[in-house]
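**Student:** Chains as they are written, first to last, in the numbering used here: chain A, 740 to 1081; chain B, 19 to 182.
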Amino acid sequence: MTRKLLTFSLLLSAFMLGFANPTFASDSEEDKTSFIMHHVVDSHEWHFATIGQTHVTLPLPVIVYSADRGLEFFKSSDFQNHDTHKFGKEYAHEGYFIDDHDRLGRVDGASFIELSITKNVVMMFIVMFLVAYLALSAANYYKKNGAVAPKGAAAILEPIVIFVRDEIAQKSIGPKYKKFVPYLITLFLFVWFGNLLGLLPGAANLTGNIAVTMVLAVLTFIITNVNGNKEYWKHVFMTPGVPPLMLLIIVPVEIIGLFTKPFALMVRLFVAITAGHIVILGFIALAFIFESITIGVVSTVMVTFINIIELLVATIQAYVFTLFSAMYIGSAVAEHAHDDHH
Amino acid sequence: MDLINPGSGLIFWQLFGFLGLLFILIKFAWKPMLAALEERESSIQNALKAAESARNEMANLKADNEKLLAEARLERDVILKKAQEASVKMIEEAKNEASKVAALQIENAKAVIETEKKAALTEVKNQVAILTLEVTEKLLRRNLTDEKAQKALVDEFIKDIKLN
């Protein structure tokens, strides 16, 4: 087993050194590691590989709304050098440009809202399509066959659905859990698929993007507070068992607490996934920094190892995100008074 | 793009994309699926309950059967015992009856035989008397001197008696 793994790693590292060298074999250390951040953050184009001087990329739509010019559509390739595929202020197109940090800007400096289909948006659509396809074919199976033993997509999804329903929703929310099960299942599947697909080579770091985790956390925040019952709000504004004077301190803390919960959700997923990607890419970068085959072998072994851990992290983070969402919702709809909350 | 600065485009698409996904999946996937799961779970629960009650019923039936069987066995034993007793009694009675009847019959037979014997003896006596009388009468009537003739005559008479 170990020997097989080593052989495989050696082959892989030789392969990677072979064809990735031209991209990263530049002189400064900065250039050798810049691909890490480039991979981790969102981008206006989807860059798959560079073979020699040829860039294999997928140009993506750039959509901009501005008060004075309305809705405008461009291609990301409009804003770059056709040979080097580099963005820059000098390649401005119809008043807009994408700078060398892949940020959209307007030449005259006026305000605008960007609604581009970036790499992560495409990735999001892929994840959503997969989740929807799986879920709909599973539902179709039940529609066709009635309540029988599952097969195919239903057999894949059913344990997950039952796990989310029984282990996450029912245990964390309590008797009113049924209403929130569909949201939690969708959340779990989206985050899980996003995490897993993000580990594929060339894929976008979707769930490690703060905009994505922010939207999900905000949705949980809205669901939590819209469903908050009398006791939940009483707990926030008239915390039981606290002397009136102390309320002056406790109430602001409680109000801040309302927002720290989704903030923690947002940051946890973003950091866990992004850090994993950075670690993997960092080990790959070692080979280019040291320009040594030995380091390449070692780092590839490490990359394989961390990739396996990342598979675990992908699942755990999806579980944790769903679990904490369920717990926040559970704290808002719980009937019994819980004074031991603090 | 920035690492910790959320892009407006991604926020927009993520928000509406996720809400759309949520809407479609709730309507077309999770509702039918969760309903089917619940239905199946309740049907399994019912089946288990039915099996449990069937098992209990079976056990009850078995106990009943055993009870019935034991009762039947007891009854059979009683009946057999009674039958045996009755048969023994009947045999005894029959024996007694038979010996009684036999004794009576023997008695009767003895009496009849005695009567018959007496009658026969009387008859024989009567016959002897009659014969004696007849022989004497004939002897007297013939009045014979000849010894030879007398003897022949006696023989003839005796022959007659035999024919009778």
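Virtual Cβ for every residue (Gly too), placed ideally from N, Cα, C.
(1) Skipping 5 residues on each side, what residues in its chain have a beta carbon closer than 8 Å to that of residue 852 (chain A)?
(2) Have a look at residue 812 (chain A) and residue 995 (chain A) and give me their C-alpha separation to the nearest angstrom.
(3) If you draw a straight line from the C-alpha of residue 820 (chain A) to the C-alpha of residue 844 (chain A), how long is it?
(4) Would residue 24 (chain B) and residue 776 (chain A) be called neighbours here (beta carbons separated by less than 8 Å)?
(5) Near residue 865 (chain A), what residues of its chain come up, given a Cβ to Cβ distance below 8 Å and the 5 sequence neighbours on each side ignored?
(6) Hey, residue 822 (chain A) and residue 832 (chain A) are a contact pair by Cβ (cut 8 Å); roughly how many whole angstroms apart?
(7) In chain B, which residues lie with their C-beta within 7 Å of the C-beta of residue 842 (chain A)?
(8) Take residue 797 (chain A) and list the residues in its own chain whose beta-carbon comes closer than 6 Å to its own, dropping the five residues that flank it on each side.
(9) Does any residue of chain B have a CB that is nearer than 8 Å to the CB of residue 775 (chain A)?
(10) Please report the straight-line C-alpha distance between residue 998 (chain A) and residue 1007 (chain A), rounded to a whole angstrom.
(11) Classify residue 916 (chain A): buried if its beta carbon has 16 or more other beta carbons within 10 angstroms, exposed otherwise.
(12) Under 8 Å, Cβ to Cβ, is there at least one residue of chain B near residue 854 (chain A)?
(13) What residues from chain B crowd round residue 901 (chain A), counting only those whose CB sits closer than 8 Å?
(14) Does residue 892 (chain A) get closer than 8 Å to chain B when you measure Cβ to Cβ?
(15) Considering just the uninterrupted stretch of the alpha helix (DSSP H) at residue 882 (chain A), what are its terminal residues?
(16) What's the gap between the Cα of residue 61 (chain B) and the Cα of residue 52 (chain B)?
(17) Would you call the CB atoms of residue 871 (chain A) and residue 39 (chain B) closer than 8 Å?
(18) Output yes if chain B places a C-beta closer than 8 Å to the C-beta of residue 935 (chain A); else output no.
(19) Would you kindly report the start and end of the unbroken beta strand (DSSP E) that includes residue 843 (chain A)?
(20) Cα separation between residue 89 (chain B) and residue 55 (chain B)?
(21) What residues match up with residue 810 (chain A) in a beta bridge as DSSP calls it?
(22) Could you check where the alpha helix (DSSP H) with residue 949 (chain A) kicks off and where it finishes?
(23) What's the gap between the Cα of residue 774 (chain A) and the Cα of residue 809 (chain A)?
(24) Check the Cβ of residue 921 (chain A) against every Cβ in chain B and list those closer than 8 Å, keeping chain order.
(25) Exposed or buried, what is residue 898 (chain A) when buried is set at 16 or more other beta-carbons lying within 10 Å of its beta-carbon?
(26) Taking only three categories from DSSP, how would you classify residue 777 (chain A)?
(27) Please name the residue, chosen from A:839, A:900, A:1044 and A:905, that lies closest to residue 44 (chain B) on a Cα-to-Cα basis.
(28) With distances taken Cα to Cα, identify the nearest neighbour of residue 35 (chain B) among A:943, A:951 and A:807.
(29) Tell me residue 794 (chain A)'s beta-bridge partners as DSSP assigns them.
(30) Taking a Cβ distance cut-off of 9 Å, strictly less, list which residues of the segment 20 to 35 of chain B are near chain A, in chain order.
(31) For a contact meaning CB atoms closer than 7 Å, what does residue 882 (chain A) contact in chain B?
**Tutor:** From the atom records:
(1) Your numbering for residue 852 (chain A) matches position 113 in the first sequence. So the list reads 803, 804 and 805, once near-sequence residues are dropped.
(2) As a position in the first sequence, residue 812 (chain A) is number 73, starting the count at 1. As a position in the first sequence, residue 995 (chain A) is number 256, starting the count at 1. The straight-line gap from Cα to Cα measures roughly 40 Å.
(3) By one-based count along the first sequence, residue 820 (chain A) stands at place 81. By one-based count along the first sequence, residue 844 (chain A) stands at place 105. In a straight line, the C-alpha of residue 820 (chain A) is about 17 Å away from that of residue 844 (chain A).
(4) What you label residue 24 (chain B) is simply residue 6 of the second sequence in a count that begins at 1. What you label residue 776 (chain A) is simply residue 37 of the first sequence in a count that begins at 1. No; because the gap between Cβ atoms is not below 8 Å, this pair is not in contact.
(5) Residue mapping note: residue 865 (chain A) aligns to position 126 of the first sequence, counting from 1. Excluding sequence neighbours, residue 865 (chain A) sits near 936.
(6) For the purposes of this step, residue 822 (chain A) is identified with residue 83 of the first sequence, where counting begins at 1. For the purposes of this step, residue 832 (chain A) is identified with residue 93 of the first sequence, where counting begins at 1. With a Cβ gap of about 16 Å, residue 822 (chain A) and residue 832 (chain A) do not count as contacting.
(7) Residue 842 (chain A) sits at position 103 when you count from the first residue of the first sequence. Chain B residues near residue 842 (chain A): 19.
(8) In the first sequence, the residue the question calls residue 797 (chain A) occupies position 58. If we look at residue 797 (chain A) and ignore the five residues flanking it on each side, its Cβ neighbours are 785.
(9) Numbered from 1 along the first sequence, position 36 holds the residue referred to as residue 775 (chain A). Cβ-Cβ to chain B under 8 Å: no for residue 775 (chain A).
(10) As a position in the first sequence, residue 998 (chain A) is number 259, starting the count at 1. As a position in the first sequence, residue 1007 (chain A) is number 268, starting the count at 1. Taking the straight line joining both Cα atoms gives about 14 Å.
(11) Here residue 916 (chain A) is taken as the residue at index 177 of the first sequence, counted from 1. The residue is buried, with at least 16 neighbouring Cβ atoms inside 10 Å.
(12) Within the first sequence, the letter at position 115 stands for residue 854 (chain A). Yes - at least one Cβ of chain B is within 8 Å of the one on residue 854 (chain A).
(13) Looking up residue 901 (chain A) in the first sequence gives position 162. 55, listed in chain order.
(14) What you label residue 892 (chain A) is simply residue 153 of the first sequence in a count that begins at 1. No, its Cβ sits nowhere closer than 8 Å to a Cβ of chain B.
(15) By one-based count along the first sequence, residue 882 (chain A) stands at place 143. Residue 882 (chain A) -> alpha helix (DSSP H) spans 858 to 884.
(16) The residue you call residue 61 (chain B) lines up with position 43 of the second sequence. The residue you call residue 52 (chain B) lines up with position 34 of the second sequence. So the alpha carbons of these two residues sit roughly 14 Å apart.
(17) Translated into positions along the first sequence, residue 871 (chain A) becomes position 132. Translated into positions along the second sequence, residue 39 (chain B) becomes position 21. Yes, these two residues count as a Cβ contact at 8 Å.
(18) Locating residue 935 (chain A) in the first sequence gives position 196, where the first residue counts as 1. Residue 935 (chain A) does not count as touching chain B.
(19) If you number the first sequence from 1, residue 843 (chain A) lands on position 104. Unbroken beta strand (DSSP E) run through residue 843 (chain A): 843 to 845.
(20) As a working mapping, residue 89 (chain B) is identified with position 71 in the second sequence. As a working mapping, residue 55 (chain B) is identified with position 37 in the second sequence. Taking the straight line from one Cα to the other gives about 50 Å.
(21) If you number the first sequence from 1, residue 810 (chain A) lands on position 71. Note: residue 810 (chain A) sits in a beta bridge opposite A:804.
(22) Taking the first sequence and counting its residues from 1, one reaches residue 949 (chain A) at position 210. Run containing residue 949 (chain A): 949 to 965, per the alpha helix (DSSP H) assignment.
(23) Residue numbering aside, residue 774 (chain A) sits at position 35 when the first sequence is read from its first letter. Residue numbering aside, residue 809 (chain A) sits at position 70 when the first sequence is read from its first letter. Near 35 Å, if we compare the C-alpha coordinates of residue 809 (chain A) and residue 774 (chain A).
(24) Translated into positions along the first sequence, residue 921 (chain A) becomes position 182. Under the 8 Å cutoff, chain B gives 40, 43, 44, 48, 49 and 52.
(25) For this step, residue 898 (chain A) is matched to residue 159 along the first sequence. Classification for residue 898 (chain A): exposed.
(26) Translated into positions along the first sequence, residue 777 (chain A) becomes position 38. Of the three classes helix, strand and coil, the one that applies to residue 777 (chain A) here is helix, per DSSP.
(27) Walking along the second sequence from the start, residue 44 (chain B) turns up at place 26. Nearest option by C-alpha distance: A:900.
(28) Taking the second sequence and counting its residues from 1, the one referred to as residue 35 (chain B) is at position 17. Out of A:943, A:951 and A:807, A:951 has the C-alpha closest to the C-alpha of residue 35 (chain B).
(29) For the purposes of this step, residue 794 (chain A) is taken as the residue at position 55 of the first sequence. Residue 794 (chain A) is bridged to A:789.
(30) 20, 21, 22, 23, 24, 25, 26, 27, 28, 29, 30, 31, 32, 33 and 35
(31) Reading the first sequence from its first residue, position 143 is the one you call residue 882 (chain A). Here the neighbours are 50.
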